[in-house]
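Take 748 as the starting number for the sequence shown in our numbering and just add one per residue.
A short worksheet on the structure shown next.
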Amino acid sequence: MPIARTTVQACSLFSGLPPPVLDSVCERTELLSFESNKLLFDCGSSCAMLPLVLSGSIRVFKRSESGREISLYRVTNDQLCIVTLGCLLGGSSYPATGITEEPVSAISVPNTLFHELLGGHEGFRQSVFNQFSARITGLMELVDEVAFQQLDQRLAQLLSQRGPIINESHQQIADELGSVREIVSRILKQFEDRGWIILARRRIQVTNSEQLKAYSDSSR
């Protein structure tokens, strides 16, 4: 059954496509739903389609051989996954892992349709490369943080951005930052001693976001 045109038009990627092409997109795409904590792709798996998220969130991360993780970015409403884009453009397998953080609804664009739209419609192509460029910039900022910023500063930045209430475990935060739970827990306790946060089981309350922000911006 074709996807409704209103659903397809909710994706900015398809804005500007002529009506006959939109009809083709409706016929050739598929509406997918995934539950929370669903593995969507993993390192080494093949890529056959581009998911366009309508609702929910996908976390894309890299896992080391030792099992440590670092989050690369998240894909939410009307955003593209550049890992998937890279696989489709280069015909390569996935170099990272993607998992749903909450229930996700998405439009599945098959490989063949993606390449047809990319080659035949300037607006679609420009939108793809604009998002690709923005994501690459974000990844470069992540590299800069990991390479040049202290872990305590990165943790302070994360807390100041996600507060005032963060319902995540110390392990989840460590995975986010590419660190280990013991070190993250130690720094969190230091922040609590300074009166910047209050710790509870799977819950962090930010009580002084300004101090955390100032600390994350400080040159150490």
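Where is the CB? At the ideal position from N, CA and C, for every residue including glycine.
Residue state for Ile854 is assigned as strand, using DSSP reduced to three classes. Inside the region 866-953, DSSP marks whole beta strand (DSSP E) runs of 3 or more residues at positions 944-947 and 950-953, from first to last along the chain. Our two residues, Ala961 and Ile934, have alpha carbons roughly 16 Å apart in a direct line. In this structure, Gly885 lies away from Ile817, with their beta-carbon atoms at least 7 Å apart. A residue is called buried when at least 16 other Cβ atoms come within 10 angstroms of its Cβ; Phe788 meets this threshold and is buried. Nearest Cα to Val875 within the set Leu760, Ser802 and Ala751: Leu760. Judged by DSSP secondary structure, Thr753 falls within the alpha helix (DSSP H) whose first and last residues are Arg752 to Gln756. When the five nearest sequence neighbours on each side are left out, the beta carbons in the same chain lying within less than 6 Å of the beta carbon of Arg928 are those of His917, Gln918 and Ala921, in order along the chain. Boundaries of the beta strand (DSSP E) harbouring Leu799: Met796 to Ser802, taken from the DSSP string. For Arg752, the CB contacts under 7 Å within the same chain, skipping 5 residues up- and downstream, are Leu769 and Cys773 in chain order. Separation of Arg950 and Ile913 (C-alpha to C-alpha, rounded to the nearest whole angstrom) is 6 Å.
Taking one beta carbon from each stretch, the region 863-871 and the region 813-827 have fewer than 3 pairs nearer than 8 Å; the two do not touch. Partner residues in the beta bridge of Gly845, as assigned by DSSP, are Phe788 and Val807. In its chain, beyond the 5 residues on either side, Trp943 have a beta carbon closer than 6 Å to the beta carbon of Gln958.
The continuous beta strand (DSSP E) containing Ser780 extends over residues Glu777 to Phe781. The residue among Glu892, Pro911 and Arg941 with its C-alpha nearest the C-alpha of Asp964 is Glu892. Only residues of its own chain outside the window of five on either side were considered, and among them Cys773 and Glu774 have a CB closer than 7 Å to the CB of Pro749, listed in chain order. Under the DSSP assignment, Ser956 falls in the alpha helix (DSSP H) whose first and last residues are Ser956 to Asp964. Look at Leu819 here: in three-state DSSP terms it is strand. In the structure shown, the three-state DSSP call for Ser771 is helix.
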